[in-house]
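In what follows, a single structure is set out as structure tokens and then discussed.
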Ligand SMILES: [Mn+2]
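In my numbering, the protein residues as written are 27 to 347.
Shown next as structure tokens:
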């Protein structure tokens, strides 16, 4: 693997005649935005480019995609990946690309270096931020659709500019995009990405709110979802997407846990920390892992027993801090 500068990456793309652009499984706004922005950039120069994803792209991101796909199948000269830290994230339908990626554009410091060449900025809030620098460096017209893709990826990966990955450069880029295209409905995009939910999802959040239990004077909040509850309300595993941080919305909560009962006596635990506690250490002690502020593990026990084990571990963590 060779690390490329933004300038070298721009040069690669300027020379690229045709490309398949891979984005990660269970696509989010950042991989969708960066993938399609790179596709539009290549197509604007008359090159062939197509975005490939193992899973279907959720409807809320469809406005970033071409309305109709007119491009026929082609054999790509280059395989590019966007926002993919690890080949394991290609997903089951793109495994044929393992070991074949020529250029990866990414912002995860955990990137495994699977591509032949890598353009990585670990300080960038989003892959879209890296893609912005590359496309600007290419010197090609910065189209409205590119602008919309990159804005959406930056907005989603920063939690609508709320997370601490939103830095001065992030806001500069957004400012440049807004100056170029003041008419893009930015606030409407934010609303669609962050506020609008299906009625089912909203009801699920209501149900979750009812299940919240507090411990350690409210510093630890827990939501336990049993199979029985999921069946009763017709909730699917996929409905929980992005809800791990839900218990942390409670005022005063420093650590939050969502415990979900699964088949086969398994309970899946998502732990989130808003403070100093390193929840990946707790999850590691149960055979799981993750990051300091976001981690997960599985425990093979009843939901009640699982909850008690997690409570004990977190309270011990508070005592030791
Ligand atoms: Mn990303």
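No residue lacks a Cβ here, since even glycine has one placed at the ideal position from N, Cα and C.
Candidates the options, of which the one nearest residue i by Cα
| i | options | result |
| --- | --- | --- |
| residue 50 | 254, 71, 114, 238 | 114 |
| residue 47 | 120, 186, 72 | 120 |
| residue 347 | 305, 329, 320 | 305 |
| residue 110 | 59, 72, 68 | 59 |
| residue 340 | 248, 287, 268, 286 | 248 |
| residue 244 | 230, 232, 283, 267 | 283 |
| residue 71 | 228, 42, 250, 297 | 42 |
| residue 155 | 142, 172, 166 | 172 |
| residue 259 | 162, 107, 281, 228 | 228 |
| residue 36 | 64, 54, 78 | 64 |
| residue 92 | 104, 175, 280 | 175 |
| residue 105 | 133, 85, 75, 66 | 75 |
| residue 233 | 204, 203, 265, 333 | 265 |
| residue 95 | 77, 186, 180, 165 | 77 |
| residue 86 | 32, 215, 100 | 215 |
| residue 257 | 90, 194, 230, 178 | 230 |
| residue 31 | 292, 164, 103, 126 | 164 |
| residue 126 | 158, 103, 132 | 103 |
| residue 97 | 130, 44, 116, 84 | 44 |
| residue 290 | 270, 253, 267, 268 | 253 |
| residue 158 | 189, 195, 297 | 195 |
| residue 213 | 329, 316, 177, 83 | 177 |
| residue 268 | 293, 330, 320 | 320 |
Residues near residue i by beta carbon distance below 8 Å, same chain, minus five either side
| i | result |
| --- | --- |
| residue 335 | 312, 325, 327 |
| residue 118 | 51, 80 |
| residue 29 | 143, 144, 145, 146 |
| residue 318 | 299, 304, 305, 306 |
| residue 33 | 163 |
| residue 223 | 231 |
Own chain residues within Cβ distance below 7 Å of residue i, not counting five before or after
| i | result |
| --- | --- |
| residue 323 | 295, 309, 312, 313, 314 |
| residue 263 | none |
| residue 139 | 27 |
| residue 302 | 347 |
| residue 54 | 182 |
| residue 273 | 238, 247, 248, 249, 279, 282, 283, 284 |
Contacting residues, own chain, Cβ-Cβ under 6 Å from residue i (five flanking each side not counted)
| i | result |
| --- | --- |
| residue 217 | none |
| residue 192 | 151, 184 |
| residue 135 | 148 |
| residue 69 | 75 |
| residue 337 | 241 |
| residue 179 | 55, 56, 59, 60, 152, 154 |
| residue 128 | 104, 105, 142 |
| residue 344 | 242 |
Boundaries of the alpha helix (DSSP H) in which residue i is found, first to last residue
| i | result |
| --- | --- |
| residue 161 | 153-164 |
| residue 56 | 55-70 |
| residue 135 | Careful: residue 135 lies outside any alpha helix (DSSP H) and carries neither H nor E. |
Residue i - containing beta strand (DSSP E), residue span
| i | result |
| --- | --- |
| residue 104 | 104-108 |
| residue 145 | 143-146 |
| residue 245 | No beta strand (DSSP E) holds residue 245; DSSP gives it neither H nor E. |
| residue 32 | Looking at the DSSP string, residue 32 is not in any beta strand (DSSP E); the run it does join, the alpha helix (DSSP H), is 32-41. |
| residue 254 | Counting along the chain, residue 254 falls outside any beta strand (DSSP E), though it belongs to the alpha helix (DSSP H) covering 253-259. |
| residue 14 | The structure shown does not extend to residue 14, since the chain is modelled only from 27 through 347, so no value can be given for it. |
| residue 75 | 74-78 |
TODO: Identify every run of the beta strand (DSSP E) within the stretch 170-226, keeping only runs that are complete inside it and at least 3 residues long; order them along the chain.
DONE: Listed in chain order, nothing qualifies, since the stretch 170-226 has no complete beta strand (DSSP E) run of 3 or more residues.
- [ ] Determine contact between the stretch 200-213 and the stretch 226-242, defined as no fewer than three beta-carbon pairs at a distance below 8 Å.
- [x] Contact fails: fewer than three Cβ-Cβ distances are below 8 Å.
- [ ] Tell me the start and end of each unbroken beta strand (DSSP E) in the stretch 269-304 that is at least 3 residues and wholly inside, in chain order.
- [x] For the stretch 269-304, whole beta strand (DSSP E) runs of length 3 or above, ordered along the chain, are 281-287, 292-299.
- [ ] Could you tell me which uninterrupted alpha helix (DSSP H) segments, each at least 4 residues in length, are contained entirely in the stretch 305-339, listed from first to last along the chain?
- [x] If we require 4 residues or more, the alpha helix (DSSP H) runs fully inside the stretch 305-339 come out as 305-311.
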